[in-house]
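*Asks:* Adding 123 to a residue's 1-based position in the sequence shown gives its number in the working numbering. C-beta atoms are modelled at their ideal positions from N, C-alpha and C, and glycine is treated no differently.
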Amino acid sequence: MKNIISASFLLGSFLIVLSPLSLAEGVKTQPGQMDKALSALQDKGYVIVKKIEFNSKNGTFMAKVVNAEGKNLNLQIDPQTGELSKEKGDITGWTAREIAKKVNDAGYDNIYEINTELFGNAYKVKALNDKGEKVSLKVDAKTGKIIKVSE
């Protein structure tokens with residue numbers, strides 16, 4: 124009986140020690156790879172990085188960035204070469220400035236917040252209506268049209 128308990132304890136201890144190793148097995152980055160990926164983005168002019176993470180399936184980093192025109196892009200970075208390639212389905216939409224113009228043209232003059240993160244297929248904008256009341260707007264990311272107004 125003592126042998127079974129001892130063997131069970133030993134096996135349990137062994138599994139506890141190996142568990143973190145098996146969980147980390149999927150993530151195989153080398154020291155300094157994140158820095159190389161961020162440097163590659165900065166060298167290409169992408170200073171706003173919303174999110175970056177390592178893709179263990181293909182050994183690259185995936186990054187959500189904003190380009191000089193204010194457009195949101197998804198990029199893939201090879202940390203060894205620093206090569207950037209656009210991912211299929213880049214977020215193509217309107218810049219913050221273009222969104223502001225569309226909202227202003229619709230009669231909302233006092234815009235105090237624009238969120239260019241996509242929420243479904245829309246951007247969120249907060250402004251004052253013609254009565255001076257705060258409103259939240261959703262602007263279609265593809266057409267630039269206001270699709271919802273809530274007070």
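Among SER208, GLU192 and GLU236, which one has its Cα closest to the Cα of SER259?
*Replies:* The option with the nearest alpha carbon to SER259 is GLU236.
*Asks:* Check for me: the beta strand (DSSP E) holding LYS247 runs from which residue to which?
*Replies:* 245-251 is the extent of the beta strand (DSSP E) around LYS247.
*Asks:* For GLU192 and VAL226, I'd like the C-alpha separation in whole angstroms.
*Replies:* Cα to Cα, GLU192 sits roughly 18 Å from VAL226.
*Asks:* Are ILE200 and THR218 close, meaning C-beta to C-beta below 8 Å?
*Replies:* No. Outside cutoff.
*Asks:* Below 8 Å between beta carbons: does that hold for ILE175 and VAL189?
*Replies:* No; because the gap between Cβ atoms is not below 8 Å, this pair is not in contact.
*Asks:* Going by DSSP, name the residue or residues bridged to GLN199.
*Replies:* According to DSSP, GLN199 bridges with MET185 and SER208.
*Asks:* What three-state label does DSSP hand GLU236 in the structure shown?
*Replies:* GLU236 falls in the strand class under three-state DSSP.
*Asks:* Report all residues from its chain with a CB closer than 6 Å to the CB of ASN178; omit the five preceding and five following residues, and keep chain order.
*Replies:* Answer for ASN178: MET185, listed in chain order.
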